[in-house]
Structure formats: structure tokens, C-alpha cells
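Student: My questions all concern the structure below.
Residue numbers (the working numbering): 5 to 970.
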């Protein structure tokens with residue numbers, strides 16, 4: 005039982021689960037008075053050398069005074085944290101606040117001494133680095149800005165922990181001791197180090213699940229049938245290369261195997277390590293199983309069992325307890341309610357899932373939160389037909405179920421560096437941490453395509469999923485994902501369509517598309533589809549229905565060689581006649597021409613050509629191979645085709661012959677990986693022009709994002725920004741409360757420190773006050789109401805413009821009060837007239853899930869009725885600001901539409917960047933709304949502003965690494 009401290013309540017928010025360097029987990033928590041026995045036991049297991057490094061002298065045991073000192077903390081000036089596994093300490097860290105004289109002190113002293121001790125058996129796992137991140141975050145929260153540490157020169161491991169952390173530091177040497185001093189404010193380098201460690205640790209934790217050396221299926225039935233027995237059979241059928249065990253508590257004494265697999269009553273009866281346990285027992289028995297797995301040193305769990313958060317509140321609590329229990333033992337969980345995991349690598353061959361047949365080996369990583377959608381995707385990628393052809397295979401597959409622990413973020417960390425995965429396809433029904441997902445997606449998309457389809461877009465997340473609350477609509481989240489390089493599609497059909505193209509074809513250099521084929525009508529459909537998707541199609545080339553394979557080859561070769569073309573779509577319909585090409589001959593012609601110019605993507609739109617689909621993918625043995633000649637085809641059955649060499653060019657008349665053995669192996673062994681992407685070029689084929697063009701459009705946009713991401717732009721520094729003055733003013737304002745909305749005067753003053761000038765508006769509670777205000781401002785003026793129900797509603801008549809003198813002003817005042825109510829209700833103000841221009845909106849909001857978001861649109865119906873707003877993550881770069889202005893549908897109104905004068909978009913972009921800087925520099929600024937912003941041909945005027953302030957959360961994305969708690 006945790007107790008309160010001497011001066012502060014126990015800081016439960018400091019507790020966290022972390023992933024260590026080797027992929028295992030540990031619990032970080034404050035040390036309390038209840039930990040005396042744990043501390044003594046921990047210290048007894050530390051070597052004499054480590055004790056000497058910690059205390060600079062032989063220190064065989066802790067005295068009672070030591071134990072009291074190391075377990076009694078005030079959680080302000082004296083803080084101790086422990087890393088625990090199985091409830092026992094494996095490492096400790098503490099700080100003590102000191103003054104300028106090096107003696108114990110209290111605030112406002114902002115320096116502290118820090119010291120670590122790591123059990124020898126756990127050194128090298130990255131425990132000290134994780135503890136340093138957490139103790140630094142605690143210290144910053146308590147007003148400490150610097151750490152000091154004294155280390156013996158021989159203690160190179162601890163010196164490395166400090167020097168590798170990335171903080172600005174100073175080193176000195178005196179009296180045989182190295183003294184390190186470093187500031188605790190995060191730097192670009194410290195954040196980069198932290199995120200690199202996070203990536204390696206989380207990727208390793210997923211790798212341990214996907215590439216185990218041994219697997220135990222717990223709950224494998226004694227008779228055929230049932231979930232556990234099915235998973236066991238799937239593992240055997242896939243040819244798992246490691247050790248496999250069956251576990252069933254109901255086994256008799258004489259039952260030593262199930263289907264030839266060694267069988268045991270409990271996992272603890274197994275001799276030797278078990279890396280992965282697949283749990284398929286009723287939910288009520290799972291805690292006992294988890295405890296046994298933890299005691300045996302199992303590294304990870306795939307929990308197939310249902311009855312958790314998807315079943316209601318009681319199930320959700322069972323799920324939380326399952327995660328707590330597993331993490332106590334350093335284990336990670338996929339599930340519960342999971343479909344399972346698959347790894348097709350030849351040296352693993354793992355099918356720990358409910359899929360009775362493993363997918364073919366290939367280069368696509370597949371993640372699905374839904375088991376049903378996972379089945380659909382595997383089936384679609386596995387078979388030839390069902391609409392999508394040109395199939396490639398899967399490298400790894402993860403179906404996370406309720407994703408109580410391992411999520412899409414973790415798997416992205418793994419796929420980022422996985423050499424066996426070229427394309428990532430994800431079906432997500434919820435995003436637990438959108439801010440982190442966006443960060444990881446941006447990094448992953450910079451090196452390999454990431455295609456995402458989101459389910460539950462128009463409703464709540466599935467009951468089994470815990471999701472952070474977000475105030476952003478789905479369209480905004482989708483826009484932010486696209487900004488991060490994610491290829492967002494709407495259906496699983498589009499998911500597979502895009503994945504097949506990206507898996508084997510190069511990225512297009514631009515939007516120019518050549519169209520050729522033997523059907524004029526199909527060519528025109530493709531042309532229209534290109535225009536609809538924003539591509540730039542060239543006039544279709546009709547080869548006529550009499551076109552031969554030679555004609556297709558020549559036309560495709562010419563198109564690929566044309567510098568005015570970035571991609572080619574080939575359309576084909578079945579024809580009759582002596583010169584009509586057979587499927588195999590046509591496929592060979594297309595592959596031959598594409599192989600001669602491999603820098604541009606080629607797609608095929610085919611209509612009812614069953615044999616062509618198989619022939620087009622014959623170059624990749626990961627696709628099903630035809631054993632018998634397809635009806636109506638010419639020549640031998642399709643075989644794997646080698647890439648032609650310059651010395652032996654391939655032509656339609658002299659087809660290259662592949663290795664029959666490779667094709668035969670692929671047809672009989674679903675896990676054979678005999679197709680190297682360097683040896684073949686799979687051409688994807690689609691049954692409809694719209695589907696092919698949509699996939700190509702996504703590839704074009706993604707390629708453009710890749711090019712722009714290589715030079716992301718910069719966040720400009722404006723010399724007139726008073727960051728320090730703004731911070732002092734914000735602190736003063738928040739001293740009166742944790743959340744507040746600033747009045748017009750305070751909002752204008754704060755914005756002014758960032759060079760954002762708010763056009764003056766003066767209250768006009770009476771006609772006389774209105775006249776005096778207008779006299780001070782100078783005519784012409786505007787009179788407008790600021791009542792919430794009339795604000796920004798010029799269409800309702802609550803605004804009077806271009807009032808040239810006092811007579812017009814008083815008449816307008818009378819009209820407003822007669823129409824809408826008393827001055828007390830209307831809250832009228834007088835404001836100087838702004839130059840004519842286009843009314844726009846600039847907003848920024850800090851969303852609890854997605855982070856800080858900058859938004860832009862035109863004021864009025866365009867944004868309110870049509871939702872025509874563009875969004876970018878903060879901090880925005882110059883390129884982001886330019887894209888914001890140009891990406892709304894009504895952007896032409898800013899650039900001289902129908903003869904109107906173009907407005908000053910440079911000033912508008914600068915305003916967007918200044919708002920971005922304000923929110924990025926000061927996390928207390930949680931919302932800014934500038935409406936309207938009138939953008940004139942020269943300059944702009946901010947006529948209205950609202951600013952909300954709030955205390956920032958104690959932990960944010962700049963804080964230490966932690967596993968989420970749902």
C-alpha cells in the first residue's frame with residue numbers, strides 16, 4: 005500500500021511502464037516508506053563493484069539510517085524512483101536539491117544531485133537511461149533546472165548514461181572524481197536521443213513477439229476442434245522453425261503430446277525457455293496463466309481469449325488488470341480478443357493466428373485491429389480474383405484485437421527498420437495516441453509507403469478500444485495524417501489497390517499519365533478518371549482491337565521513353581481473331597517493355613481476362629501459379645520470368661524462361677519466399693479504370709509528399725517577437741486561475757507581443773459613447789454587435805459599415821437596438837473601417853489527443869456550412885503556411901478569381917506563422933481564434949480575436965518514454 009509523503013501526497017502520476025532496450029518492460033514508480041524490505045533485498049543482489057561505484061567506498065550493507073533516508077522522501081526536494089520487475093527493485097535513482105554551497109536546500113534553489121544504482125543482472129538493458137528521463141521530468145516539475153552528478157572515472161557505464169542523454173553539460177575533474185553538470189530543459193539532441201531509444205526498444209519488443217524461438221499454446225484442446233487446438237494446427241502447418249509446445253491443465257499423466265507436439269499440464273513444466281505464449285483459455289483462467297508465464301520468464305503473450313473490454317465495464321477492468329499483471333513480469337501483450345500474428349520469414353514461419361492458411365511471403369506489412377477485417381485483407385491478398393490481381397505477399401501480420409498493450413504505434417516502430425517490409429497497410433478503428441501516431445507515421449512514410457483506412461469514422465470506437473478524448477472532427481484528423489505522409493483511403497478495397505501498386509512499382513515523378521490500349525471507350529473512361537483525381541492525362545492511344553502483343557510492347561515502350569509521361573495505364577479487353585494476343589503473350593509483352601524502363605509505374609486495367617491477371621504476376625512467385633494452360637491462352641503455362649539483361653534482351657517473340665522449380669514451390673508452399681523484388685517486376689492489374697487511377701493518384705500525391713518532406717521548410721524567427729514578455733504576462737494571468745478566456749484588451753496585448761495587431765474596437769453602451777468612440781478612432785467606422793448569437797453574422801444585419809459621420813452612426817445605432825434588443829443584450833462596439841478584402845479565419849487549438857493544430861479558411865458559409873478548412877500541425881513551417889492558404893477549395897478567391905484583385909497572401913502566411921509560434925512557444929495558450937481577418941490587396945486587418953489560456957498538462961509528448969495506460 006503506497007503511503008503519503010512527509011510533505012506531499014504520493015505522486016501517482018509519476019508511475020509509468022517503460023519498454024527497455026531488449027524489448028522487456030519495467031515499472032517506474034516513486035519509492036515510499038513501504039519499500040524498506042525491497043530496498044534491502046535489492047541492495048544485497050548488487051555486486052561489491054557496483055556498490056563501490058555508487059558510494060565511492062566499500063559498502064557491503066545498508067544501515068537502518070541509510071534505509072530510512074532512501075525510503076523517506078518529501079517528493080519535492082528529495083525524490084527517489086525505482087524500476088521494478090515482478091514487484092522487485094532492479095534499479096533506483098534519487099535526487100537531492102542542493103544550494104550554491106552544495107548543501108541540502110529547498111526552493112528556490114534549482115539544482116540537485118542525482119545518483120543511480122542498477123542491479124548487475126539488469127545492466128545493459130537501458131534501465132538507467134529510462135530512469136534518467138523520468139527523474140529529469142520529475143525534477144522539472146518541481147522547479148529544478150540542473151542536475152549534478154559525481155562519478156568515479158572507472159565507472160564508464162554511468163558516465164556514458166549521462167553523456168549520451170543529449171543534454172547540454174559541463175564536465176570537470178577534481179579529487180579523483182568526475183563531476184558532471186547539465187541542464188534539464190529538453191534540447192533537440194536530447195529529444196532525438198529519447199525518440200531513437202524509444203524506437204529501438206519498442207521495435208525490439210515487437211520483434212520478440214514476431215520472431216520467437218519457442219512458442220507454447222496454452223489451452224490447446226485434447227481433441228480436435230476449439231480455438232487453442234486450431235492455433236496449434238496452424239503453427240504446425242506453417243512449419244514453425246522453433247520449438248513448439250502444447251499446454252492443457254486437463255492432460256492426463258500419460259498424455260505427453262498432442263498431434264506430435266510435446267504437451268504439458270502447465271507452462272512451468274516445460275524445460276527450457278518459452279519466448280511466446282498463445283493464450284486461448286476462458287478469461288477467468290487467464291490471470292493464473294499469466295502468473296505462470298511470468299514465473300517461467302515468457303517474453304510475450306498473444307491473448308486470443310475474449311470476455312474483456314468488448315464485453316462491458318467489468319470486462320474493461322479485467323483487461324486493465326491483465327495489462328498490469330503482464331507488465332509486472334516484463335511481458336508485452338497482443339490482444340486480448342486478438343486474431344493473432346503471422347511472420348512469413350523463412351527462418352521463422354510463424355502462424356500464431358486463427359487463419360487456417362498462412363499468406364504467401366512478400367513485402368507488405370499488415371496491421372488490423374479487427375479480426376474480421378484481417379481475414380478479409382489476408383484473403384484478398386492471398387487469392388487471384390475477387391477484383392484485384394497482381395498479388396504480392398505479406399511479410400508480417402498483426403491483429404491486435406482490443407490493443408490493450410501493443411498498438412499500431414508499436415508495430416510502426418518495428419516496420420520502420422524492418423528490411424523485409426517495403427509497404428505498410430493498416431486498418432484502424434481507433435488511434436489511441438494520435439499525436440505519437442502522426443510523429444511515427446511521418447518518419448515511416450519518409451522511407452516506405454504507409455496506407456491507412458479508418459473504420460468507425462462516423463461513430464464511436466469499438467467498445468473494446470480505449471481512446472483518448474479528442475475535440476477534432478474526423479476530417480481534421482485525416483488532414484493531419486495526410487500532412488504526415490499517410491496515404492488515407494476509405495475502403496479496404498482501396499487499401500489493397502494502393503498497396504499492390506506501391507509494393508512493386510516505382511513512385512511516379514509527377515501527375516502526367518499516358519493511356520494506351522485496345523479499347524477506345526475504356527481509354528476514355530480512364531482519361532476521365534484521371535481528370536477526376538487531379539492527374540494530367542495525355543490523350544489516350546487507341547491500338548484498336550486488332551492490336552497484337554508486339555503492338556502493346558511497342559506502344560508501352562514508347563510511352564515509357566517519353567519524357568512527357570510519368571506513368572502509364574494500359575487498358576485491355578478480350579478480343580477474337582488470329583492476331584489477338586493470348587493472355588501469356590500480352591503479359592510477357594507488357595513485362596518486357598516495363599522491365600526495359602523500370603523508373604516509371606505501369607498499371608493495367610483489364611476486363612474479364614482471367615488468364616491475364618495470373619500471367620502478369622508470373623514474374624513474382626509469391627502469386628498463385630497456373631499449373632494447366634488457361635482456356636484461350638497461347639504458349640506454355642505462365643512461369644517465373646527473370647529480368648532481361650542487356651546482353652540477352654527479352655522480346656515478345658523470345659520470352660525468357662524462368663525456373664520451373666521456383667514456380668512450383670510457390671504453388672505448393674505458401675511461405676516460400678523465392679521472389680526477390682530485384683529479380684522481377686510485378687505489374688498490378690485492376691478490373692476497373694477508376695480503381696487503377698485512384699491507386700495511381702495516391703501514389704502521385706505520396707511521391708510529391710516524399711519530395712517535399714526531403715526539404716520540409718523552416719520555422720521563421722521574427723525579431724519583433726517578445727517571447728519573454730509574453731511568458732511573464734501569461735504567468736500573471738494564470739495566477740488568478742487555471743483556465744480563463746481573455747477579454748479583447750488582454751487578448752490584443754498578448755497577440756501584440758507576437759506582432760499580431762488587433763484593430764481597435766471600443767465599447768459603445770450608449771449612442772453618446774458610440775459617437776465619442778468614433779470621434780477618437782476617426783471616420784468612417786463600423787458599428788457591430790458582439791452578442792454571441794449575432795457575432796460574425798453579418799447576414800443577420802448586426803453590422804453597419806462605412807458610417808461616414810455622427811448622424812449616420814446614431815441612425816445605425818437606433819436601427820440595431822430597435823431590431824435586435826437593448827444595448828446590454830447587443831454589446832455594440834465601434835471599430836475603424838478596414839480596407840476591403842476577403843474575410844478569413846485563422847485558428848489554433850491544442851487538442852488533448854492530436855496536439856497543437858493550426859487551421860485556416862474563409863469566413864462565412866465556406867467554413868461554417870461546407871467545412872472548407874485546412875489544417876496543419878504546429879509548429880508550422882513557411883511551406884506549411886503556403887500550403888494552408890492554397891489547399892482550401894475556395895482558395896481561388898484569394899488569387900484574383902473572375903477578375904478580382906489578388907489579396908496579400910504573403911501577409912496572410914506571416915500571420916499564420918506568428919500564431920503558430922505563439923502556440924508553440926507557450927503551451928499555456930490552448931486556443932486562438934482570429935475572426936474575421938480581412939485580407940486586402942496590401943496588408944490585412946485582424947478585426948476580432950479570442951484567446952484561451954490553461955495550465956499545460958504535467959506530461960506531454962516532450963516527457964519521458966512511457967507505455968500508454970488505457
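We treat Cβ as the ideally placed atom computed from N, Cα and C, and that holds for glycine.
Applying the criterion that 16 or more other CB atoms from any shown protein chain within 10 Å of the CB defines a buried residue, is residue 21 buried or exposed?
Tutor: What you label residue 21 is simply residue 17 of the chain shown in a count that begins at 1. Classification for residue 21: buried.
Student: Can you tell which of 376, 326, 298, 316 has its C-alpha closest to the C-alpha of residue 344?
Tutor: Sequence index remark: in the chain shown, residue 344 carries index 340 (1-based). The shortest Cα separation from residue 344 among 376, 326, 298, 316 belongs to 376.
Student: What did DSSP end up calling residue 577 once you bin it into helix, strand or coil?
Tutor: Your numbering for residue 577 matches position 573 in the chain shown. Three-state DSSP puts residue 577 in coil, outside helix and strand.
Student: Could you give the DSSP three-state label for residue 23: helix, strand or coil?
Tutor: Counted from its first residue, the chain shown places residue 23 at position 19. In the structure shown, residue 23 sits in a strand (DSSP, three-state: E or B).
Student: Please identify the residue among 137, 312, 426 whose C-alpha is closest to the C-alpha of residue 287.
Tutor: Here residue 287 is taken as the residue at index 283 of the chain shown, counted from 1. Selected option, being the one with the closest Cα: 312.
Student: I need the straight-line Cα distance from residue 852 to residue 876, nearest angstrom please.
Tutor: One-based indexing of the chain shown puts residue 852 at position 848. One-based indexing of the chain shown puts residue 876 at position 872. Those two C-alpha atoms are separated by around 16 Å.
Student: Starting from residue 99, trace the beta strand (DSSP E) in both directions and tell me its first and last residue.
Tutor: Walking along the chain shown from the start, residue 99 turns up at place 95. Where residue 99 is concerned, the enclosing beta strand (DSSP E) stretches over 92-102.
Student: What's the gap between the Cα of residue 368 and the Cα of residue 446?
Tutor: Along the chain shown, one-based indexing puts residue 368 at 364. Along the chain shown, one-based indexing puts residue 446 at 442. Computed Cα separation, rounded: 18 Å.
Student: At a Cβ threshold of 7 Å, is residue 19 touching chain D?
Tutor: Looking at the structure shown, chain D is missing, and only one protein chain is on hand.
Student: Which residue spans inside the region 734-764 form an unbroken alpha helix (DSSP H) run of at least 4?
Tutor: Listed in chain order, they are 748-756.
Student: Should residue 920 go down as buried or exposed, given a rule of 16 or more other Cβ atoms within 10 Å for buried?
Tutor: In the chain shown, the residue the question calls residue 920 occupies position 916. Buried, because 16 or more other Cβ atoms sit within 10 Å of the Cβ of residue 920.
Student: Identify whether residue 963 lies in helix, strand or coil by the three-state DSSP scheme.
Tutor: The count along the chain shown starts at 1 and reaches residue 963 at position 959. In this structure, residue 963 counts as coil in the three-state DSSP scheme.
Student: Grab me the residues of residue 398's own chain with a C-beta within less than 8 Å of its C-beta, minus the 5 sequence neighbours each way, in chain order.
Tutor: Taking the first residue of the chain shown as position 1, residue 398 is located at position 394. Counting only Cβ-Cβ distances below 8 Å, and skipping sequence neighbours, we find 346, 348, 363, 364, 365, 366, 368, 369, 370, 382, 385.
Student: Excluding the five sequence neighbours on either side, which residues of its own chain have a C-beta within less than 8 Å of the C-beta of residue 528, listed in chain order?
Tutor: One-based indexing of the chain shown puts residue 528 at position 524. Answer for residue 528: 544, listed in chain order.
Student: Work out the CA separation of residue 401 and residue 625 for me, nearest whole Å.
Tutor: In the chain shown, residue 625 corresponds to position 621, counting from 1. In the chain shown, residue 401 corresponds to position 397, counting from 1. Confidence is the limiting factor: at residue 625 the pLDDT is only 37, short of 50, which leaves the residue's position unreliable, though a coordinate-based value still follows. So the two alpha carbons sit approximately 20 Å from each other.
Student: Between the beta-carbon of residue 512 and the beta-carbon of residue 707, is there less than 7 Å?
Tutor: The residue you call residue 512 lines up with position 508 of the chain shown. The residue you call residue 707 lines up with position 703 of the chain shown. Going by C-beta atoms, residue 512 is nearer than 7 Å to residue 707.
Student: Is residue 682 buried or exposed, if buried means 16 or more other CB atoms sit within 10 Å of its CB?
Tutor: What you label residue 682 is simply residue 678 of the chain shown in a count that begins at 1. Reliability of the predicted coordinates at residue 682 is poor, the pLDDT of 38 falling under 50, and no value is obtained from them.
Student: Mapping DSSP to helix, strand and coil, what is residue 361?
Tutor: Taking the chain shown and counting its residues from 1, the one referred to as residue 361 is at position 357. Correct three-state label for residue 361: coil.
Student: Does DSSP put residue 335 in a helix, in a strand, or in coil?
Tutor: To locate residue 335, count along the chain shown from 1; it is residue 331. Residue state, collapsed to three classes: coil.
Student: Under the assumption that residue 86 contacts residue 75 (Cβ atoms under 8 Å), give the Cβ distance between them as a whole number of angstroms.
Tutor: Locating residue 86 in the chain shown gives position 82, counting from the first residue. Locating residue 75 in the chain shown gives position 71, counting from the first residue. The pair is not a contact, with the Cβ atoms about 10 Å apart (cut-off 8 Å).
Student: Hey, could you find the ends of the beta strand (DSSP E) residue 268 is sitting in?
Tutor: Position 264 of the chain shown, counted from the start, is the residue given in the question as residue 268. Note, residue 268: beta strand (DSSP E), 265-268.
Student: Does DSSP put residue 411 in a helix, a strand or coil?
Tutor: Here residue 411 refers to the residue found at position 407 when the chain shown is read from its first residue. Three-state DSSP puts residue 411 in coil, outside helix and strand.
Student: How close, in whole Å, do the beta carbons of residue 409 and residue 486 come, if the pair is a contact with beta carbons under 8 Å?
Tutor: Within the chain shown, numbered from 1, the residue matching residue 409 stands at position 405. Within the chain shown, numbered from 1, the residue matching residue 486 stands at position 482. Not quite, the Cβ-Cβ distance comes to about 28 Å (not below 8 Å), so this is no contact.
Student: Check for me: the beta strand (DSSP E) holding residue 279 runs from which residue to which?
Tutor: For the purposes of this step, residue 279 is taken as the residue at position 275 of the chain shown. Careful: residue 279 lies outside any beta strand (DSSP E) and carries neither H nor E.
Student: DSSP on residue 178, reduced to helix/strand/coil?
Tutor: Along the chain shown, read from residue 1 onward, the residue named residue 178 stands at position 174. Three-state DSSP puts residue 178 in a strand.
Student: By how many angstroms is the C-alpha of residue 728 removed from the C-alpha of residue 721?
Tutor: Reading the chain shown from its first residue, position 717 is the one you call residue 721. Reading the chain shown from its first residue, position 724 is the one you call residue 728. When rounded, the distance between both Cα atoms is 14 Å.
Student: Please classify residue 162: does DSSP put it in a helix, a strand, or coil?
Tutor: Position 158 of the chain shown, counted from the start, is the residue given in the question as residue 162. Helix, per DSSP.
Student: Using only CA atoms, which one of 813, 564, 966 lies nearest to residue 776?
Tutor: Stepping through the chain shown from its first residue, residue 776 is reached at position 772. Nearest C-alpha to residue 776: 813.
Student: For a quick check, are the C-beta atoms of residue 457 and residue 499 less than 7 Å apart?
Tutor: Translated into the one-based positions of the chain shown, residue 457 becomes position 453. Translated into the one-based positions of the chain shown, residue 499 becomes position 495. Contact: yes.
Student: Spatial neighbours of residue 246 within its chain, please: C-beta separation below 7 Å, excluding the five flanking residues on both sides.
Tutor: Within the chain shown, residue 246 is the residue found at index 242, counting from 1. Around residue 246: 216, 217, 218, 219.
Student: For residue 56 and residue 155, what's the separation of their Cα atoms in angstroms?
Tutor: Sequence index remark: in the chain shown, residue 56 carries index 52 (1-based). Sequence index remark: in the chain shown, residue 155 carries index 151 (1-based). The alpha-carbon atoms of residue 56 and residue 155 are separated by roughly 11 Å.
Student: Kindly list the residues whose CB is nearer than 6 Å to the CB of residue 206, restricted to its own chain and excluding five residues on each side of it in sequence; keep chain order.
Tutor: For the purposes of this step, residue 206 is identified with residue 202 of the chain shown, where counting begins at 1. Cβ within range, chain order: 23, 414, 417.
Student: Give a yes or no on whether the C-beta atoms belonging to residue 4 and residue 953 are separated by under 7 Å.
Tutor: This structure cannot settle anything about residue 4, because the visible part of the chain is limited to 5 through 970.
Student: Alpha carbon to alpha carbon, how far is residue 77 from residue 16?
Tutor: Mapped onto the chain shown, residue 77 falls at position 73. Mapped onto the chain shown, residue 16 falls at position 12. The alpha-carbon atoms of residue 77 and residue 16 are separated by roughly 14 Å.
Student: Going by other Cβ atoms of all chains shown within 10 Å of its Cβ, with 16 needed for buried, is residue 176 buried or exposed?
Tutor: The residue you call residue 176 lines up with position 172 of the chain shown. Exposed.
Student: Where DSSP assigns a beta bridge to residue 323, which residues make up the other side?
Tutor: As a position in the chain shown, residue 323 is number 319, starting the count at 1. Answer is none; residue 323 lacks a bridge partner.
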